[in-house]
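Convert by adding 15 to the 1-based position in the sequence shown; the result is the number in the numbering used here. Below is one structure, written out as structure tokens; the observations come after it.
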Amino acid sequence: VWQYSTTAEVFAPNNLLVALVVRRAVRFATHRRPRDLRWGALQCGIALTNQHTALLFEVPLIAWMLLLVVLDERRKHSDSSSSASDKQDNDEMAKRGRRRVWSSIARETMLLGALFALGLAPYAYLPWRAATAPQPGSWGDVTTLRGFVHHVLRRDYGTLRLYSGTDADAEGLPERLRAYVVEIATRQGPWVGALPGLALVGFAALLLGGGHHSSKMEPPQTSVESSSRVSRTAIIPDAAGPPTCPGPPRPSPSTSKARRRARVHAYNEAKKGRREEAAKRPPQDAAADPAAAVVLDSRATTTTKADEVCPPSVANDDDVVPPGAAAAAAGGPHVAVGLFTTLVFYLIVFHALANLPLRDPLLYGVHARFWMQPTLLVCLAAGVGVEAIGLGLAKIIVGSSSSSSSAA
């Protein structure tokens, strides 16, 4: 990776762009924020203009994201239709809900497709540059549509091949997969087998619930949590005007109706809970201590001002967890399955299409350059594995020290 990051090659930007795509996919799987999905679609198009092997990540990741979108939409509308009073109303709401689901999915898919096409815009530079300022020795003729398609599909090398030649004695899929495993097990990592071993631990930790890793990826606080935080914070009057609101700024006016209704509902529920809690407070506490009565009265007044002046606020639309995000609060199993499927898809499809003979050291080095992309996922999982092992050892140490102190 370091060797190709210091030379003028496509692999360093490919590693960056693919890492950004994976990051957006993981963030959407754990937070369900539409902006992550849309940024990911744009980055997929940009990555594809840099190197075609990015497509071997994009195909499984896009399928994973669309599956999550479909499941979230179905869950959202099934929850809304479950409140119908009788079977006829329930069936009618279910039909309308299904139509809304597919309509919403179609709109989102068209938007994502447009963003993906926008990411392919750098390809438009090629014919424009060739027509306005042709350079001698430029690769390919992109002044015609036929030549442009020929260049984009890299037919001089062989579409879906590493090179245009054929070798009947070239290695097959099992030999190429074995070569990759040997590479990451013996040449990558501090010792033999460390990198793949830690990656397996990381995937297992994510699959079993994510542990501390999933807690870092918890969805942001909902409006219920934000309102409870506001109610516990005193509102300090300003001499020059009305009381000022603590906490994050209010949401932008461009929020959807569903999110506004969710915030209003959460605000009402939180206010109702505070009233019930105040009603349950023993009256003798204030009677026994007049000073405490003054404090309690000021706190109640302060909370009332907070309710009137500062309704539950969130930093922006992304802080409101959309429907379906509660099921992805842990996020670990989704991430483990999605990333592991992407890794397996790349390794199998790439090595099935690769045709460079590995017995030649020079051609082996050319082939090995394309291993940086799947190794990115292996290193990511290995980092999660290191964290999981460290947390497990910390729990053991803390547990043993607490047990010894209690015995003493």
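From the three backbone atoms N, C-alpha and C, an ideal C-beta is built for every residue, glycine too.
message: Rounded to whole angstroms, what is the Cα-Cα separation between Ile411 and Ser421?
response: As a working note, residue 411 is residue 396 in the sequence shown. As a working note, residue 421 is residue 406 in the sequence shown. Their Cα atoms are separated by approximately 15 angstroms.
field: Collapsed DSSP secondary structure at Lys295 in the structure displayed
entry: For this step, residue 295 is matched to residue 280 along the sequence shown. Correct three-state label for Lys295: coil.
- prompt: Leaving out five residues before and five after Val381 in sequence, what residues of the same chain have Cβ atoms less than 8 angstroms from its Cβ?
  reply: Taking the first residue of the sequence shown as 1, we reach residue 381 at position 366. The answer, listed in chain order, is Leu177 and Leu371.
- prompt: Quick one: is Thr390 buried, meaning 16 or more other Cβ sit within 10 Å of its Cβ, or exposed?
  reply: Stepping through the sequence shown from its first residue, residue 390 is reached at position 375. The residue in question, Thr390, is buried, as its Cβ has 16 or more Cβ neighbours within 10 Å.
- prompt: In whole angstroms, what separates the C-alpha of Met80 from that of Val393?
  reply: Counting from one through the sequence shown, the residue named residue 80 turns up at place 65. Counting from one through the sequence shown, the residue named residue 393 turns up at place 378. Their backbone Cα atoms lie some 20 angstroms apart in a straight line.
- request: Spatial neighbours of Pro264 within its chain, please: CB distance less than 6 angstroms, with the 5 preceding and 5 following residues excluded, ordered by chain position.
  value: As a position in the sequence shown, residue 264 is number 249, starting the count at 1. Annotation note: pLDDT 48 at Pro264 (below 50); position unreliable, no value reported.
message: According to DSSP, is Glu123 part of a helix, a strand, or is it coil?
response: As a working mapping, residue 123 is identified with position 108 in the sequence shown. Correct three-state label for Glu123: helix.
query: Taking the Cβ atom as the reference point for each residue, do His280 and Ala44 lie within a distance shorter than 8 angstroms?
result: Position 265 of the sequence shown holds residue 280. Position 29 of the sequence shown holds residue 44. Cβ atoms of His280 and Ala44: not closer than 8 angstroms.
message: Within 10 Å of its beta-carbon, does Asn29 have 16 or more other beta-carbons around it, so buried, or fewer, so exposed?
response: The count along the sequence shown starts at 1 and reaches residue 29 at position 14. By the 10 Å Cβ count, Asn29 comes out buried.
message: Given a cut-off of 8 angstroms on the beta-carbon distance, is the pair Asn65 and Val25 in contact?
response: On the sequence shown, residue 65 is found 50 positions in, with the first residue counted as 1. On the sequence shown, residue 25 is found 10 positions in, with the first residue counted as 1. Yes, these two residues count as a Cβ contact at 8 angstroms.
query: Around the Cβ of Arg191, are there at least 16 other Cβ atoms within 10 angstroms (buried) or fewer (exposed)?
result: If you number the sequence shown from 1, residue 191 lands on position 176. Buried, because 16 or more other Cβ atoms sit within 10 Å of the Cβ of Arg191.
- prompt: Given that a residue counts as buried once 16 or more other Cβ atoms are within 10 Å of its Cβ, and exposed if not, what is Tyr140?
  reply: For this step, residue 140 is matched to residue 125 along the sequence shown. With fewer than 16 Cβ atoms within 10 Å of its Cβ, Tyr140 is classed as exposed.
- prompt: How far does the alpha helix (DSSP H) with His165 in it reach, from first residue to last?
  reply: Counted from its first residue, the sequence shown places residue 165 at position 150. Looking at the DSSP string, the run of the alpha helix (DSSP H) that includes His165 is Leu160 to Val167.
Supposed contact pair Val84 and Glu123 - C-beta distance, whole angstroms, cut 8 angstroms: What you label residue 123 is simply residue 108 of the sequence shown in a count that begins at 1. What you label residue 84 is simply residue 69 of the sequence shown in a count that begins at 1. Taking C-beta atoms under 8 angstroms as the contact rule, Glu123 and Val84 qualify, at a distance of about 6 angstroms.
Outcome for Gly187 when other beta-carbon atoms lying within 10 angstroms are tallied against a minimum of 16: As a first step, residue 187 must be located in the sequence shown, where it is residue number 172. Exposed: under 16 other Cβ atoms inside 10 Å.
field: Backbone CA spacing between Gly125 and Phe72 [nearest angstrom]
entry: Reading the sequence shown from its first residue, position 110 is the one you call residue 125. Reading the sequence shown from its first residue, position 57 is the one you call residue 72. Looking at the sequence provided, one finds Met at residue 125 rather than Gly. Approximately 21 angstroms, taken between the alpha carbons.
query: Do Ala69 and Phe131 have their CB atoms nearer than 8 angstroms?
result: The sequence position of residue 69 within the sequence shown is 54, counting from 1. The sequence position of residue 131 within the sequence shown is 116, counting from 1. Not in contact: Ala69 and Phe131 (Cβ atoms no closer than 8 angstroms).
- prompt: Roughly how many angstroms separate the alpha carbons of Leu358 and Ala40, rounded to a whole number?
  reply: Here residue 358 refers to the residue found at position 343 of the sequence shown. Here residue 40 refers to the residue found at position 25 of the sequence shown. Near 14 angstroms, if we compare the C-alpha coordinates of Ala40 and Leu358.
task: Give a yes or no on whether the C-beta atoms belonging to Gly208 and Ala396 are separated by under 8 angstroms.
output: Here residue 208 refers to the residue found at position 193 of the sequence shown. Here residue 396 refers to the residue found at position 381 of the sequence shown. No; because the gap between Cβ atoms is not below 8 angstroms, this pair is not in contact.
- prompt: According to the Cβ coordinates, are Leu127 and Arg48 closer than 8 angstroms?
  reply: The count along the sequence shown starts at 1 and reaches residue 127 at position 112. The count along the sequence shown starts at 1 and reaches residue 48 at position 33. No, they are not a contact pair.
message: Suppose the cutoff is 6 angstroms on Cβ atoms and the five residues either side in sequence are ignored; what does the same chain contact list for Ser20 look like?
response: Walking along the sequence shown from the start, residue 20 turns up at place 5. Cβ within range, chain order: Ala27.
field: DSSP-derived helix/strand/coil call for Lys231
entry: Translated into positions along the sequence shown, residue 231 becomes position 216. Any reading at Lys231 must be qualified, since the residue scores a pLDDT of 43, below 50, and its modelled position is unreliable; the value itself is stated next. DSSP places Lys231 in helix when its eight states are reduced to three.
query: DSSP on Val279, reduced to helix/strand/coil?
result: For the purposes of this step, residue 279 is identified with residue 264 of the sequence shown, where counting begins at 1. Residue state, collapsed to three classes: helix.
field: Euclidean distance between Cα positions of Ala285 and Ile120
entry: Here residue 285 corresponds to residue number 270 of the sequence shown, with the count starting at 1. Here residue 120 corresponds to residue number 105 of the sequence shown, with the count starting at 1. Using only the alpha carbons, I get a separation of about 33 angstroms.
query: In its own chain, which residues sit with a C-beta less than 7 angstroms from the C-beta of Leu32, not counting the 5 before and 5 after it?
result: As a working note, residue 32 is residue 17 in the sequence shown. Same-chain partners within the cutoff: Gln58, Ile61, Ala62, Asn65 and Ala69.
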